Amino acid sequence: MAALCVVAGSSLYRNGAQIFQRLQKECIRRNFGCSAVLDQQNSTSKTAGSHQDVLIPKKKRWNELAVLQALSSTVQRDPTASHYRFQDDPYLTPRTASEFKLFSLSQESGRNAAKYIINTYPNFFLKDYAEPHIPCLMPESLQPKVTEVCEAGLRELIHLRKVRSAVDMYDRLLQAGTVVSLELTNNLLDLICFYGDQDPVQGDQAEPEKTAEGEVVQDPAPRRKEGRFRKSDSLHRTWRKDNNAERIFHLMPERNERSYGALIRGMVKYGAHSKAFDLYTDMQNNRMAADVHAFNALIAAAPEVRQKYSEKWDLIAEMLKQMNKLGVRPTLLTFNTVLKSLLRCGPLSRALVLQVLGEMKALGIEPSLATYYHILVAFYRQALSPSTLSRTMLTTDLLHSMMDEISGKVFDALDPDDVYFFNYAMNICCSLKDLGLAYRVHSLLNVGDNWKLLGNPSREGFYYGSLFNLVCMMENIGVVLQWYRDLVPSLFYPNSHTMRDLLQALDADNRLDLIPEIWKDVKQLGLATVSGDLAEEVLALMARDEHSPEIQESFANCALAVKAVYGHGEQSQATLDFTASALCNMATILLAAGRTDQAWEILQLFKANNRVPSEKLLDEFLNSAKSGSNSEQAVTLVQMSSSFSLPATARLAQRVEQEFDLSEEQKKALQDVEATSDSDKD
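By full-length UniProt numbering, the letter at position 495 of the sequence shown is numbered 495, and the numbering carries on one by one without gaps.
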C-alpha cells in the first residue's frame, strides 16, 4: 500500500513538473512577444518624434430603443399570443378577422378622439406628468402665435400646414408692398403643390371643396363604402387651371430651379401631365436644370402623354439622357420610377427592365424590394392574369435567380411599393405550385425586420393565407398542422376557403378524426355561419366512411354541434338554413354512432323545413330498425316515405313485410300506404 502511494506521488510530481515547465515556456514565449511589440513601439515612437497623432474612435450613438430591441431579438414569437396591440387588455383579444378589424379601428378611433380633445382644449392639459417629457402626449400647437402680417407669420402658417391661410397671408404681404423672400415663397409653393391647393384633411372627416364664391364642388370620383379601405383624399383631387400655385408662380419676381421643380411635381401628382412637360420646356428655355425629384415626376408622367409603347419609352430615355447631360445623378426612386413606367410599355418592358437593373448596379445603387417587384410584374403579369387560359409559359427561373441574389438580406422601406413584393412573389409560388420557392420567400421575410414590409393587415392576411393554402396542397398533414398552429390566429385569421383546404388535407392523409377539433376552431373563428359550404363539407366528410366506435362517437357530438348553427337562432345570431344534404349527413352520422333517437329527431326536421330525404337515408333507417327489431319504427318510416311521395315507398313497404314480424294493425297500415301509392301512380 505504501509502495503504491510512493509510485502515485512520484508520478504526480513528474506530471506536475512537466505541466509547470510548459506553462513557463508559454509565459516566456508570450512575454517575448509582448516585449518585442513594446520594443517595436518604442523604436517607432523614437523615429516618429514626440508629436504623434492619436486616433480617437467615433462615438457610437445608440437609439433610444436600442436596449429594448436587443432584448427583443433574444426571444422568438409566441404563436399562442395575441397581437401586441391587444395585450394590455385580454378581454379585447379578437377571435375573428372581423373582430380584429373592429377592435383595431375602435382603438385607433379612441386615440384620434383623445388627440382631438387635447388639441381642441389645450388649456385643460397644461400639466406635464411624464418624466421624461413625451411630446406626443401634450397638445399640439395648431393655432398661429404670430397674428401680424409679416414673413414670420407666413413662415408659421406654412409650418402649421394652413394652406388657405398661408395664401391669404402671402396676398396681404404683396398688397402691403412687402417683398417676400425667394426661399419663403418656394416653401409656400411646396405646401400648395403637395396638398393640391387645399387644406389637408384633419382626422377622418373629408372636407368638401369650395369655389371662390363658396359653392361646394362635387367630387367626380365616387367614394368607397364606409368601412372599406380608402386611399388618401388627395388622390381624388385634380389640378385646377390657374390655381393659387400657378398664380403665385407667375407673380414671383424671380424663379429658380426649386420653384419650377415644385410646380412640376404638383402638376404630375394631381394629373396635369401635359402642363408639367410644358413647364419643363419653359424651364429649359430659361436655362435652368431640373433636380432629380423633378425628373422622377416627369418620368412617372411620361406614359400619360404618349400613346404608342415605343414613344413612351423614347420619352423616358430622353429624360434619362438629359439627366446624364446635366450631371444629375439618379437615385433609387429614379430607377424604380423608370421600371414602374416601363410596365405601361407593353411587350417592351421585358426587354428593358433587366437593362435598367444592370444600369443600377453599374452606378452602385442597391435595389429595393420595389425594384424586384416591378421586374416580377414585367415577366409574370400576363401569365398571372385571370384571362390567361394556360400557364405553361410561366416558369420560376427568374424568381429563383432573384432569391439567390437577395436571400438573407435585410431590407428597409425605401419605396412605397416595397410592400407589394412578398405578396406578389407568394402569388407566383402558388400559381406554379412551387413549395420550395415559397419556403425561400418566407425565409427572406423572417430575416431581420423584413416582416414589416408586408404592408397593412389585409396584405398580411393574403400572404399568410396563400402560403398556408400551398402548404395544405403539397405537404403531409403533420407539417400542415404544424403550420396551422404556428400561424392561426397569431399572424392571420383564415377564411372559409382556407379551412376547406385544411379539410381537404385531412381527407388526403386519412386523418378525418381531427375534424371535430377543426370544427371548434371554425366556430371560434366565426366562420361557421359565414358560408354554408363549410358546414356541408364537414358533415359530408364525417358521413362518408365508416370508422371505429370512438371516432363515430366524436363525429356524432360534432354533428350535433354543427346542427346548432342551423335553424332559427336568436335575433342577433346568424344561422344557416337546413338543406336536404345537411340533414341526411347528420342523420347518417348519428345512426352510425348508434344514436337512433337523435337520428329520428333529425328525420322529423325534413318535414318541418320542406326538405325531402334521400332513399339511401331511408334504407339506413330501415336497417337500424331491423337491427333493433323495431317494427313500429319501420312502419312509421314507410308512412313518412309515402308522405313525401317518394318512388321507393312500395319497395320499402315490401321490405318491411318480408323482414319484420308485423301485427295485424301494422299490416293494415302498410296496405293503406301501398294503396295510396298505387292511386298516386294512376
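The beta-carbon is built from N, C-alpha and C at its ideal position, and this holds for glycine as well. Nothing here was measured: the structure is a model prediction, and the numbers come from that model.
| Mind checking whether E546 and A582 have CB atoms under 8 Å apart? | no
| query | Quick one, which of A176, A528, V149 has its alpha-carbon nearest P494's? | reply | A528
| request: Output the boundary residues of the alpha helix (DSSP H) element that contains I56. | output: Premise fails: I56 is in no alpha helix (DSSP H) and is neither H nor E.
| query | Does the beta-carbon of C136 have 16 or more other beta-carbons within 10 angstroms, so that it is buried, or is it exposed? | reply | exposed
| request: Please report how far the alpha carbon of residue 689 lies from the alpha carbon of I365, in whole angstroms. | output: In this structure the chain extends from 1 to 682, so residue 689 is not present and cannot be described.
| said: Quick check: the Cα distance between V67 and D168, rounded to an integer number of angstroms? | reply: One C-alpha to the other measures close to 49 Å.
| query | How would you call G465, buried or exposed, if buried means at least 16 neighbouring beta carbons within 10 angstroms? | reply | In this structure G465 is buried. Its beta-carbon is surrounded by 16 or more other beta-carbon atoms within 10 angstroms.
| task | Quick one: using the 10 Å Cβ neighbour count with 16 as the cut-off for buried, is R255 buried or exposed? | result | buried
| said: I need the straight-line Cα distance from E664 to D533, nearest angstrom please. | reply: 46 Å
| Pairwise C-alpha distance: D521 and S165 | 56 Å
| Quick one: what does DSSP say Y484 is sitting in, helix, strand or coil? | helix
| query | Apart from the five residues on each side of it in sequence, which residues of its chain come closer than 6 Å, Cβ to Cβ, to T93? | reply | S82, F86
| Identity of the residues DSSP links to Y566 by a beta bridge | L576.
| Does DSSP put L662 in a helix, in a strand, or in coil? | The answer is coil: DSSP assigns L662 none of H, G, I, E or B.
| field | Pair within 8 Å by beta-carbon distance, R265 and H293 | value | In contact: R265 and H293 (Cβ atoms closer than 8 Å).
| Residue of K668, E674, K667, E659 minimising C-alpha distance to A648 | When each option's Cα is compared against that of A648, the closest is E674.
| Alpha carbon of Q307 to alpha carbon of L357, nearest angstrom | 25 Å
| request: Take P516 as the anchor and find which of N510, L343, S554 has the nearest alpha-carbon. | output: When only C-alpha atoms are compared, the closest one is S554.
| query | Just how far apart, CA to CA, sit L189 and T80? | reply | CA-to-CA, the gap between L189 and T80 works out to about 52 Å.
| query | Alpha carbon to alpha carbon, what distance is there between Y309 and R391? | reply | Bear in mind that the predicted position of R391 carries a pLDDT of just 48, short of 50, making it too unreliable to give a figure here.
| Test item: CB-CB of V410 and F422 under 8 Å | no
| said: Taking the beta carbon of R30 as the centre, do at least 16 other beta carbons fall within 10 Å, making it buried, or is it exposed? | reply: In this predicted model, R30 has a pLDDT of only 37, less than 50, meaning its place in the structure is not dependable; the value taken from the coordinates is given anyway. Exposed, because fewer than 16 other Cβ atoms sit within 10 Å of the Cβ of R30.
| field | Separation of V656 from Q666, as counted between CA atoms | value | 10 Å
| Is D434 closer than 8 Å to A370 when the C-beta atoms are compared? | Cβ atoms of A370 and D434: not closer than 8 Å.
| request: Closer than 8 Å by C-beta to L298: which residues in its own chain qualify, once you throw out the five before and the five after it? Chain order, please. | output: I264, V268, A276, F277, Y280, A290, M319
| field | Whole-Å CB distance - S407 paired with L444, under 8 Å assumed | value | With a Cβ gap of about 6 Å, S407 and L444 count as contacting.
| said: Going by beta-carbon coordinates alone, are V353 and L339 separated by less than 8 Å? | reply: yes
| request: Let me know the secondary structure DSSP gives C150 once reduced to three states. | output: coil
| request: Report the option in G448, M403, D397, F379 whose CA atom is closest to the CA atom of D412. | output: G448
| Which residue comes first and which comes last in the alpha helix (DSSP H) that contains Q504? | Going by DSSP, Q504 is part of the alpha helix (DSSP H) stretching over 496–508.
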